[in-house]
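*Asks:* To start, I am sharing the structure in question, which I have written as structure tokens.
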Amino acid sequence: MIVRALDKIGAKLLVMMDQAGDFALLSGRTFAAIPRSPFDTPNLMRQFLAVGVNSIPVVVLTSLAVSMVFAVQLSFGFKQFQAEGLASQVEGLAVVRELAPVITGLMMSGRVGSAMAAELGTMQVTEQIDALECLATDPIHYLFVPRLLAAAIMLPLLTGLSIYVGYWGGYGLLVGVEGQSSFVYQAEFFKLLGFRDLRIALTKGLVFGVIIALVGCWRGYRTQGGAEGVGNAPTSSVVTSSLWILIADFFLTKLLLV
Amino acid sequence: MNAQPVIDVVNLSKAFGPKVVLSNVNLQVREGESLVVLGGSGTGKTVLLRNIMGLLKPDAGHVAVEGKIIAQLDREELFKVRQKIGMCFQMAALFDSMSVEENVGFSLKRHTTMTRAEVADRVDECLGLVGLKGTNHLRPSELSGGMKRRVGFARAIALKPEILLFDEPTTGLDPVMTDVIGRVILDLKHELGVTTITITHDLKSAFEIADRIALLFRGECIACEAPADFRRNPNPVVQQFLKGDADGPFLQDPPPPKRAMSRALHPPPA
Chain A
49 MIVRALDKIG AKLLVMMDQA GDFALLSGRT FAAIPRSPFD TPNLMRQFLA
99 VGVNSIPVVV LTSLAVSMVF AVQLSFGFKQ FQAEGLASQV EGLAVVRELA
149 PVITGLMMSG RVGSAMAAEL GTMQVTEQID ALECLATDPI HYLFVPRLLA
199 AAIMLPLLTG LSIYVGYWGG YGLLVGVEGQ SSFVYQAEFF KLLGFRDLRI
249 ALTKGLVFGV IIALVGCWRG YRTQGGAEGV GNAPTSSVVT SSLWILIADF
299 FLTKLLLV
Chain B
2 MNAQPVIDVV NLSKAFGPKV VLSNVNLQVR EGESLVVLGG SGTGKTVLLR
52 NIMGLLKPDA GHVAVEGKII AQLDREELFK VRQKIGMCFQ MAALFDSMSV
102 EENVGFSLKR HTTMTRAEVA DRVDECLGLV GLKGTNHLRP SELSGGMKRR
152 VGFARAIALK PEILLFDEPT TGLDPVMTDV IGRVILDLKH ELGVTTITIT
202 HDLKSAFEIA DRIALLFRGE CIACEAPADF RRNPNPVVQQ FLKGDADGPF
252 LQDPPPPKRA MSRALHPPPA
């Protein structure tokens, strides 16, 4: 009984180690493949479009919603102490340091990471990735690298956009609805923030982008077993990358804020 | 004729878990020769091709292409060897996000310094060779099964390979299209003078294409000889395969009895 339980735990552990090793290996190969020729510019541009430009509406809407809800909560909370003025300061802190990068990361893992997993998964089960291999093209170089570059460059930009939208979301709520002074909001929003905070936010965006692209591509590339496998790839990609985004967020915050 | 075989399969064995797919297969293909590999479903024909391409690693034995042992090459060397081999997949495996033209020109754009016009010319030439001129701007989803296979052929020959591998090029096609594909393979063989390995179930085109025919049976190569000798091979497995009969040693599980036989053995109650 105990032996069997230990056996099961051991087997699970081995599978997990195996997967972690596989992911690390593929990630390493992806980074190593970045400088290799031929550099496929049209392919990269397509990924910029898919990851960046096409994600703008989602990022704008979610950032607006989250920043406004947060402003409502803050203004309600601070009203209890007659300290409404602090709401805009905390709004700035929350949006720049946490809400913008994390919300953007999570939304992108759902929008972009899952799409990558589904696309590569379909290519895997329809032998298109084998066809790439047979045409003497490294799938890592052709498929992983443009997606990684696009996500690593676009996620910080989208995070910046999210901060900008968050600023106006808070403005609309606190100035438009709660009747605070527009001049005060503009000054107070940045009061607790330094340049360092923007840098941290963009660094988080970069790291989240790398996580999303690598996990999405890895899950897709390792798809097995037809339609069911293709169905599972995006789900597990979203779950895994969301989890890693939250874990990475904690450590990045802890390390970079010192 | 070159004495050294272009493709040398030596004692190749491959198993997936407990299931042994290939065991001790030996095959040599000389330059310019056309080998047809026959065999029932699941006898490891595709696995053989995937081992030759280096998509799978053998458990024992090796595959050498032009004297280079595939499993021992690093990725760069492997890609160099693959540029000399054109592989045609069973279900064509076209890139479905690209047009026919982009599919055929894919390797040209990546591995040559040809200009756009030169690539376009070569793509037209390749599509002409498989009888699909004017389909450049269609998407794979707009093509029929036979057309997809032929676009796959055109993509495989774009880089002017010295070896062509066809994985069941006629499976699932109607008899007329099967004949068309057979002719296209013959044309390619004569016009390009390439070494080919074709895997098929279709005996008619097999005898047309082949210089030699091999039969895989339960993971082993039980015959490999010229078509005329193959027809006369006394091995009951070969003869059963040629006749297409369900009764015989070919199937592992006994086939369902024919109706008449079944009725004779188990007469209905009066």
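So the sequence lines, in the order shown, correspond to chains A and B. In this note's numbering, each residue's number is its place in the first sequence (first place is 1) plus 48. In this note's numbering, each residue's number is its place in the second sequence (first place is 1) plus 1. Positions of the beta carbon are idealized from the N, C-alpha and C atoms, including for glycine.
At which residue ranges does the segment 226-259 of chain B contain complete alpha helix (DSSP H) runs of 4 or more residues, listed in the order of the chain?
*Replies:* Counting whole runs of 4 or more residues, the segment 226-259 of chain B contains the alpha helix (DSSP H) stretches 228-233, 237-244.
*Asks:* Between the segment 169-182 of chain A and chain B, which residues of the former have a C-beta closer than 7 Å to a C-beta of the latter?
*Replies:* Within the segment 169-182 of chain A, the residues whose Cβ lies closer than 7 Å to some Cβ of chain B are 174, 175, 176, 178, 179, 181, 182, listed in chain order.
*Asks:* Which complete beta strand (DSSP E) runs does the segment 154-186 of chain B hold, if anything under 3 residues is left out?
*Replies:* Counting whole runs of 3 or more residues, the segment 154-186 of chain B contains the beta strand (DSSP E) stretches 164-168.
*Asks:* Under a three-way DSSP split, which group does residue 267 of chain B fall into?
*Replies:* The answer is coil: DSSP assigns residue 267 of chain B none of H, G, I, E or B.
*Asks:* Compute the beta-carbon to beta-carbon distance between residue 140 of chain A and residue 238 of chain A, rounded to the nearest angstrom, for a pair I have assumed lies under 8 Å.
*Replies:* The Cβ separation is near 6 Å, so the contact holds.
*Asks:* Decide if the segment 152-165 of chain B is in contact with the segment 86-105 of chain B; the criterion is three or more beta carbon pairs, one per stretch, under 8 Å apart.
*Replies:* Yes: the two stretches touch, three or more of their Cβ pairs being nearer than 8 Å.
*Asks:* Using alpha carbons as the reference points, say which of A/111, A/86, A/187, A/67 lies closest to residue 216 of chain A.
*Replies:* Residue A/111 is the option with its Cα nearest to residue 216 of chain A.
*Asks:* In whole angstroms, what separates the C-alpha of residue 191 of chain B from that of residue 34 of chain B?
*Replies:* Their backbone Cα atoms lie some 11 Å apart in a straight line.
*Asks:* Which residue wins for smallest C-alpha separation from residue 162 of chain B, given the options B/114, B/129, B/109?
*Replies:* When only C-alpha atoms are compared, the closest one is B/109.
*Asks:* Taking its Cβ as the centre, do 16 or more other Cβ atoms sit within 10 Å of residue 46 of chain B, making it buried, or is it exposed?
*Replies:* Flag for residue 46 of chain B reads buried.
*Asks:* Name, please, each residue of chain B whose Cβ falls closer than 8 Å to the Cβ of residue 186 of chain A.
*Replies:* What residue 186 of chain A touches in chain B: 76, 80.
*Asks:* If the cut is a Cβ gap below 7 Å, which residues of chain A does residue 94 of chain B touch?
*Replies:* The contacting residues are 174, 175, 176, 178, 179.
*Asks:* Are the beta-carbon atoms belonging to residue 214 of chain A and residue 147 of chain A less than 8 Å from one another?
*Replies:* Yes, Cβ-Cβ distance for residue 214 of chain A and residue 147 of chain A is below 8 Å.
*Asks:* Mapping the DSSP letters down to three states, classify residue 138 of chain B as helix, strand or coil.
*Replies:* Here residue 138 of chain B sits in coil by DSSP.
*Asks:* Under 8 Å, do residue 268 of chain A and residue 181 of chain A count as touching if we go by C-beta distance?
*Replies:* Cβ distance not < 8 Å, so residue 268 of chain A and residue 181 of chain A don't count as in contact.
*Asks:* Starting from the Cα of residue 143 of chain B, find the closest Cα among B/86, B/251, B/99 and give me that residue.
*Replies:* With distances taken between Cα atoms, residue 143 of chain B lies closest to B/99.
*Asks:* Can you name the residues of chain A whose CB is closer than 9 Å to the CB of residue 111 of chain B?
*Replies:* Here the neighbours are 86, 88, 183, 184, 185, 190.
*Asks:* Under 8 Å Cβ-Cβ, which residues of chain A neighbour residue 17 of chain B?
*Replies:* Under the 8 Å cutoff, chain A gives no residues; its nearest Cβ is about 12 Å from residue 17 of chain B.
*Asks:* Kindly indicate if chain A contains any beta-carbon less than 8 Å away from that of residue 108 of chain B.
*Replies:* Yes, its Cβ sits closer than 8 Å to a Cβ of chain A.
*Asks:* Could you pull out every residue in the same chain whose Cβ sits closer than 6 Å to the Cβ of residue 79 of chain B, ignoring the five residues on either side in sequence?
*Replies:* Correct list, in chain order: 55.
*Asks:* Going by beta-carbon coordinates alone, are residue 215 of chain B and residue 28 of chain B separated by less than 8 Å?
*Replies:* Yes, the Cβ-Cβ distance between residue 215 of chain B and residue 28 of chain B is below 8 Å.
*Asks:* Can you say whether residue 249 of chain B is buried or exposed, counting buried as having 16 or more other CB atoms within 10 angstroms of its CB?
*Replies:* The residue is exposed, with fewer than 16 neighbouring Cβ atoms inside 10 Å.
*Asks:* Run through chain A and tell me which residues come within less than 7 Å of residue 56 of chain B, C-beta to C-beta.
*Replies:* The contacting residues are 178, 181.
*Asks:* Which chain A residues are close to residue 117 of chain B, counting only those with a beta carbon under 8 Å from its beta carbon?
*Replies:* Ordered by position in chain A, no residue passes the 8 Å Cβ test against residue 117 of chain B, which lies about 12 Å from the chain.
*Asks:* State the start and end residues of the unbroken beta strand (DSSP E) segment that holds residue 29 of chain B.
*Replies:* Note, residue 29 of chain B: beta strand (DSSP E), 20-30.
*Asks:* With a threshold of 8 Å between beta carbons, is residue 178 of chain B in contact with chain A?
*Replies:* Cβ-Cβ to chain A under 8 Å: no for residue 178 of chain B.
*Asks:* For residue 88 of chain B, decide whether its Cβ has a neighbour in chain A, counting only Cβ atoms nearer than 8 Å.
*Replies:* It does; some Cβ of chain A falls within 8 Å.
*Asks:* Any contact between the segment 93-105 of chain A and the segment 184-200 of chain A? By contact I mean 3 or more CB pairs, one from each, below 8 Å.
*Replies:* As far as the Cβ criterion goes, the segment 93-105 of chain A touches the segment 184-200 of chain A, which means the pair count is three or higher.
*Asks:* Buried or exposed: residue 25 of chain B, going by 16 or more other Cβ atoms within 10 Å of its Cβ?
*Replies:* Exposed: under 16 other Cβ atoms inside 10 Å.
*Asks:* Are any of the Cβ atoms in chain C nearer than 8 Å to that of residue 123 of chain B?
*Replies:* No chain C appears in this structure, whose protein chains are A and B.
*Asks:* Looking only at its chain, what residues have a beta carbon closer than 6 Å to the beta carbon of residue 11 of chain A, apart from the 5 residues adjacent to it on each side?
*Replies:* In the structure displayed, chain A extends from 49 to 306; residue 11 of chain A sits before or after that span and is not available.
*Asks:* Cβ atoms of residue 44 of chain B and residue 220 of chain B: under 8 Å apart, would you say?
*Replies:* Yes. Within cutoff.
*Asks:* Keeping to the same chain, check which residues put their C-beta closer than 7 Å to that of residue 171 of chain A; ignore five residues upstream and five downstream.
*Replies:* Same-chain partners within the cutoff: 177.
*Asks:* Taking DSSP as the reference, what is the three-state secondary structure of residue 131 of chain B?
*Replies:* In the structure shown, residue 131 of chain B sits in coil (DSSP, three-state: anything other than H, G, I, E or B).
*Asks:* Taking residue 12 of chain B as part of the beta strand (DSSP E), name the residues at either end of that continuous run.
*Replies:* That run of the beta strand (DSSP E) goes 8-17.
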